[in-house]
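Below: the structure, in C-alpha cells.
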Amino acid sequence: MNLIVASVPYWGQTIFRVLGVLLAVLIPAGTIVYVFLFKMMSFMQSRLGPMEAGPYGSMQLLAEVGKFLQKEDLMPNGADRRIFAMAPIIVVTSTFLVYVAIPFGPDAVFGDYPMGIFLVLAVSSVSVLGILMAGWASANKYSLLGGLRAAGQLIAYELPMVLAVVGVVIQAGTLNLQGIVVAQNTGEIFGWGGIGNPYILTQFVALFIFLIAAQAELSQAPFDMPVAESELVAGYMTEYSGIRFLLFFIGEFASAGAFAAIAATLFLGGWGVPWVDWGNLPDWMNIAGPLILFAKVLIIAFFIFWLRFSYPRFREDQLQQFAWKVLIPLSLANIAVTAILKVAF
Amino acid sequence: MGSHLVPTDDLWVRVRTDAWAPAHEVLRDQLQMEYFCFLSAIDWKPSPFGKGEDDPTEPPVERDMTIRAGVAGGDTRFQVFSRVYSVLRHVGITVKADVDDESLSIATIANLYRGANWHERECHEMFGLNFEGHGDLRNLYLPGDFEGYPLRKDFPLLARIVKPWPGIVDVEPMPGEDPVDAEGAGPEGTGEAS
Amino acid sequence: MMSERQQLAYIAAKAADARVNVELEAEGMTLNIGPQHPATHGTLRIICRVDGEQIIWADPAPGYMHRGYEKLTEVRTYPQINTLVNRIDWLGSFANEVPFILAGEKLMGIEAPPRAQWIRTVMFELSRIANLSLFLGDMGVQLGAVTPVFLAFRDREYVLNQIEAATGQRFHPNYDRIGGLKEDLPKGWIDETKAAMVKLRHFCDQMEDLVMGNVIFQARTRGIGVIPRDVGLSYGVSGANIRASGVDWDLRRDQESPMAWKHADWKVWTHPDGDSFARYWVRLQEVRESTKIVEQLLSGLPAGSVMAKVPRIIKVPEGEAWVSTENPLGEMGYYVVSRGETGPYRVKIRSASFNNVSIASWLLKGTLIPDVITILASLYFILGDIDR
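In order, the protein sequences belong to chains A, B and C. Take 1177 as the starting number for the first sequence in this note's numbering and just add one per residue. Take 34 as the starting number for the second sequence in this note's numbering and just add one per residue. Take 784 as the starting number for the third sequence in this note's numbering and just add one per residue.
And the structure:
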C-alpha cells in the first residue's frame, strides 16, 4: 500500500482522499438509512417499508436523493439568506471532519493525529452552531424553539460523552485512535489473549454513557425534542427543502455512522481482530479493516435505532436533569474507578 | 313559571327571565347539580323559507308565522334553555327562560358554571343574544367579520337558496335528454341530482 | 444617495428589527398551535402566549371545521339527519346515531324490539373500542413513541372489519333506524366478533407493556394536566376525562335506557389522580371492559326481528326530548324539538369534546409547551365533535 501511495503525485493523493472521505461518509449513511430506518423500523411496526424501488426497496435511497435534487429551492420570506444557506453546510462539514480522524485500517486512515479522539470530540460539537443558525435564520417560531432546544441539549450532553471517553483513554494510555485500536487488540485479559481486551468489558459503564450521549447528540428519540415531530413538525429543519434538507438528512445519518464508528473504535476494537499477527500486519488488512469496522458500526447503530423506535421522548427539563444529575456524576465515578484500577493492576 | 314533567324520564322547568341566574345558583348549591351539560337557545318563529324546498318558479308559499312555544310554555320569540345534572343523584333538569324581545339579553351563568362560557359565546354568535356580565362575547365558530345570526330562523340556509332543491325542479336536462321531458320531475323521480 | 428601492428596503429592515424588539420586550411570544398541526386531531387552533417554553395564557379557537349541523338539521328529515350525525365523531360513528334515534323513538313512543336493542349496544361498544384503541396508540405518537400507533391501527382493523361486515361501511355505518336497525347481522358474525375481541384484549396487554409501562411515558404524563373534580364538573367535562378525576359516573350504568347494558356484567373504572396518565389508564381499562360487554351480549342475543312497525314516512309528533349516552368521547346528547313534521324543528347537539376542550384555557396556564401536547392528547377530542 505504501508503494502505491508513494508513486501517486500529491494532487492525485488529494483526490483519492476526498473521494475516500465521500465514500466513507456516504456508504455508512446510506446503509444505515436503508437497513435501519426503512427496513428495521418498518418490521418493528409490523409493516414492510419501501418495497417498490429496486428489489425489496433497496434503491429507495437513490430515488429519494433524486427527488430532493429536483425540488425547488425555497427560502422563507423573512429568512436571513446567507445564514439560512450556510447552516446545513456547517452541519455536514462537521460530520465529514469526524470521519477524517477515524482509523479504517493499519494504514487506511486519512489523518493519524496524536490527539485523535480529542479532535473528534471537539469537531463534532461544531454542528451545534449549524443547528442554531438553522433555527434562527428560518424566521419561524417553531424552528427557533427547535434550535434553542437543540443547543441546550447538545451542549448538555457533550460533557457526559467527553467524560466517558476519558475512562477509555486512561485504560489505553493514549489519545491516538490508532493506538487505542492496537491497545485493545493486543491487550490481554488477565493473561489470556484470545479476544484481546476490548474495552467494552471493563468500560461498560462508559459505553452505556457514551451511547446515551450519542443518542442525544444525534437528536434521536428519546432525546429528539429539537425535532419533535408531533410538536414542531421538523424543528429547526422545518423550512428547509430540496438539497438543503438532503444535506441535513445526510448529516444526521452520517453522524449516526460517525458516532457508531467512534464507539466501535473505542470499545469494540475498531478495525482489528485480535487473532491476526499484530507484529507484522498483512496488507490485505487495509481492505478487511474497513469491512470489519463497518460490521461493528452496524451492530452499534442497531442499538441506537432500536432505542429510537421504542421510546417516547423526554421533556426538555427532564432531559437536562438526566444529563446533569445522573450521567455526569456517573461518568466521573467511572473515571475515578478506572484510574484506581489502572494503578492497582 | 311553567313546568313539564315526564315521570321517570325528564323534567323541564321554566323560570322568569330575571330568575335565570338565581335559579342556577339554587340548583348548583342546594341540589348539588354541579355538572353543566349545555346551554342553548331556540327561535320559535317559524322560518319564512320552510325547508328550502319551494319550487322557485311558483309563487311564494304562505306560511303560518305565529310563534308557538314548546313544552313548559313561553311568551317570547327566543328562549334560552340549559341543562344541569347531578352526578351523585343521577338527576338532571332542563331549565328554560324567555328572552325579552326588545333587549335580547339575559343574565350570564358563566360565573356559576365555567363551562357556560363557551356555550354562551356560541349562543351569542348564532342567535344574537346578549349575556349580561359575560364580558368576553367573541365569536367562537364564525369569522370575525360575519354578519347576521345563522341559527335564527329568518337567516336562510344559503345552500338551499343559491341552488334550488334538485328534487323539485330539474334546472338542467340530463345530457342527451330532451328539455321538454326533463321538466317537472318531482321528488319521487329518479333521484339523480341535476 | 440611496435609490428609492434601497430606501424602502432600509425602512423595511428597520421595521422588521423594531417588530422583533417589540416582541422581545413584550411579555412572551405569541405562538399559534394549529390550525394545521400534527398534535391537534384536526383543525384546532390554540393561541398561546409563551414565555420561553412556559405558557402564560392559552385560548383555544375552534370553528375551523364548523359545518353548521344544527342549521342543517332544520331542513332535513329524520333518516337524512341520521346520515349527517354519523359524521360528528367520525371515529366512533355509530355511537353518534344512537342518542338521536333514541330521542326520535322517545317522541314517537316506539320501542325497538329487544334484539335490535342488544345489537345496537354491541355496535355501540364496537365503535367505542374502535375509537379508544386509536387513542391508545395515538397518545404514544404524540409523546414520541412512533411504534405503538402502528400496532393500534393494525388491531383496530379487526373491529372495523366486523363493523363493515354488519353494516357495509367501516366508518359512518348509518345502521340505526327509528324503530330498530337497518338489517340483521350476517351469518358467522358473532363468532368472528368474539375472535376479534380476544385479539383486542391481547392488544390492550401489549399497549400496557409498551406504552403505560414505559418509564419515559410515565415521567411525561404523571402529574401533568390535573383536572380537579369540581372544576371538571363545572366545565362539563365528561366521559373518561372526569372518571380519571375520581367521579364514579357512567351514563350506561346510571341512566334508565332501553339499550342492553344492564344485561351484561361490567365495571366502571375510575382513577383518583386526574392527570394525563390517569386518563390513559381509564381508557385502557374501558377498552378491556367493552370487549367483555360485547362477548357477554353476543352470547345471549335474543331472537326476533330487528325492526318495529313504523310507518314508511316517519312523522314525529310534537314534543321535546333529550337523550344522552356515554359515547367514547364523553357524554353526547341530542335535544330534539319536534313540531309534528317529517323533520325536527330544532336539534341541539351536545357534543362531548366541546366541553372537554373548553377546559383547555384553564388547564394550560403555566404548563410547558411539550406538556400542552400531552394534555391535549390525553383529553382526546375529535374536531368534528367540537365544531359540529
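Beta carbons are placed, not taken as given, at the ideal position from N, Cα and C, and that holds for glycine. Here the structure is a predicted model, which means the values were calculated and not measured.
Integer-rounded CB distance, given that residue j should sit under 8 Å from residue i
i: residue 1158 (chain C); j: residue 827 (chain C); result: Not confirmed; about 13 Å, so no contact.
i: residue 906 (chain C); j: residue 877 (chain C); result: 5 Å
i: residue 918 (chain C); j: residue 1071 (chain C); result: Contact doesn't hold; Cβ gap of about 14 Å is too wide.
i: residue 145 (chain B); j: residue 57 (chain B); result: 5 Å
i: residue 847 (chain C); j: residue 818 (chain C); result: 5 Å
i: residue 130 (chain B); j: residue 59 (chain B); result: Rounded, the Cβ-Cβ distance is 14 Å, inconsistent with contact.
Top-ranked residue by Cα proximity to residue i, from the options
i: residue 933 (chain C); options: A:1205, A:1218 and A:1343; result: A:1218
i: residue 1422 (chain A); options: A:1186, A:1202 and A:1195; result: A:1202
i: residue 1004 (chain C); options: A:1227, A:1488, A:1500 and A:1292; result: A:1488
i: residue 1249 (chain A); options: A:1240, A:1239 and A:1260; result: A:1260
i: residue 1043 (chain C); options: C:997, C:1079 and C:1053; result: C:1079
i: residue 1164 (chain C); options: C:835, C:875, C:941 and C:959; result: C:875
i: residue 1309 (chain A); options: A:1205, A:1326, A:1208 and A:1515; result: A:1326
i: residue 927 (chain C); options: A:1396, A:1443, A:1391 and A:1295; result: A:1396
i: residue 1160 (chain C); options: C:1149, C:1008, C:1073 and C:1104; result: C:1008
i: residue 1437 (chain A); options: A:1464, A:1390 and A:1463; result: A:1390
i: residue 842 (chain C); options: B:126, B:172 and B:184; result: B:172
i: residue 51 (chain B); options: B:110, B:147, B:191 and B:138; result: B:138
i: residue 1490 (chain A); options: C:998, C:990, C:911 and C:1171; result: C:998
Nonlocal neighbours in the same chain, by C-beta distance under 7 Å from residue i, ignoring five residues either side
i: residue 1440 (chain A); result: 1446, 1469, 1472, 1473 and 1476
i: residue 815 (chain C); result: 828 and 830
i: residue 1424 (chain A); result: 1264, 1267, 1413 and 1416
i: residue 909 (chain C); result: 942, 945, 946 and 1077
i: residue 1353 (chain A); result: 1277, 1278, 1279, 1292, 1293 and 1441
i: residue 868 (chain C); result: 879, 880 and 883
i: residue 900 (chain C); result: 1041, 1042 and 1043
i: residue 1010 (chain C); result: 1020, 1024, 1028, 1057, 1142 and 1146
CB of residue i within 8 Å of CB of residue j, strictly
i: residue 1427 (chain A); j: residue 1268 (chain A); result: yes
i: residue 1025 (chain C); j: residue 1016 (chain C); result: yes
i: residue 1335 (chain A); j: residue 1290 (chain A); result: no
i: residue 1089 (chain C); j: residue 963 (chain C); result: yes
i: residue 1081 (chain C); j: residue 973 (chain C); result: yes
i: residue 855 (chain C); j: residue 1069 (chain C); result: no
i: residue 132 (chain B); j: residue 46 (chain B); result: no
i: residue 1481 (chain A); j: residue 1216 (chain A); result: yes
i: residue 858 (chain C); j: residue 1126 (chain C); result: yes
i: residue 10 (chain B); j: residue 182 (chain B); result: Here chain B has residues from 34 to 227 only, and residue 10 (chain B) is not among them.
i: residue 74 (chain B); j: residue 160 (chain B); result: yes
i: residue 836 (chain C); j: residue 1156 (chain C); result: no
i: residue 1122 (chain C); j: residue 70 (chain B); result: no
Cutoff 6 Å; reference residue i; Cβ partners in own chain excluding five residues on either side
i: residue 1247 (chain A); result: 1417 and 1418
i: residue 164 (chain B); result: 141 and 153
i: residue 1087 (chain C); result: 896 and 898
i: residue 1510 (chain A); result: 1343, 1381 and 1382
i: residue 1129 (chain C); result: 1120
i: residue 1448 (chain A); result: 1357 and 1361
i: residue 1429 (chain A); result: 1205, 1208 and 1209
i: residue 155 (chain B); result: 173
Residues near residue i by beta carbon distance below 8 Å, same chain, minus five either side
i: residue 805 (chain C); result: Its pLDDT being 49, under 50, residue 805 (chain C) is placed unreliably in this model, and the value from its coordinates should be taken loosely. There are no such residues.
i: residue 1192 (chain A); result: 1184
i: residue 1492 (chain A); result: 1325, 1328, 1329 and 1401
i: residue 1346 (chain A); result: 1511, 1514, 1515 and 1518
i: residue 788 (chain C); result: none
i: residue 1148 (chain C); result: 838, 839, 840 and 841
Near-chain C residues of the segment 1195–1225 of chain A - C-beta to any C-beta below 7 Å | 1220, 1221, 1222 and 1223
Cβ-based contacts, 9 Å cut-off: residues of the segment 1475–1504 of chain A near chain C = 1484, 1485, 1486, 1487, 1488, 1489, 1490, 1491, 1492, 1493 and 1494
Would you list, in chain order, the members of the segment 127–159 of chain B that have their beta-carbon closer than 7 Å to a beta-carbon of chain C?
-> 127, 146, 147, 148, 150 and 151
Contacting positions in the segment 1373–1397 of chain A - beta carbon closer than 7 Å to chain C = 1397
With 8 Å as the C-beta to C-beta threshold (strictly closer), list the residues of the segment 1034–1060 of chain C near chain B in chain order.
-> 1037, 1038 and 1039
Listed in chain order, which residues of the segment 1155–1170 of chain C have Cβ atoms closer than 9 Å to some Cβ of chain B?
-> 1170
Quick one: which residues of the segment 918–932 of chain C get their C-beta closer than 8 Å to a C-beta of chain A? List them in chain order.
-> 923, 924, 925, 926, 927, 928, 929 and 930
Members of the segment 833–866 of chain C that neighbour chain A once the beta carbon cut-off is set at 7 Å = 836
Taking Cβ-Cβ distances below 9 Å as the criterion, which residues of the segment 1291–1317 of chain A are in contact with chain C?
-> 1317
Could you name the residues of the segment 1000–1031 of chain C whose beta carbon sits closer than 7 Å to any beta carbon of chain A, in the order they occur along the chain?
-> 1000, 1002 and 1003
For the segment 1142–1156 of chain C, which residues have a CB atom closer than 8 Å to at least one CB atom of chain A, in sequence order?
-> 1151, 1152, 1153, 1154 and 1156
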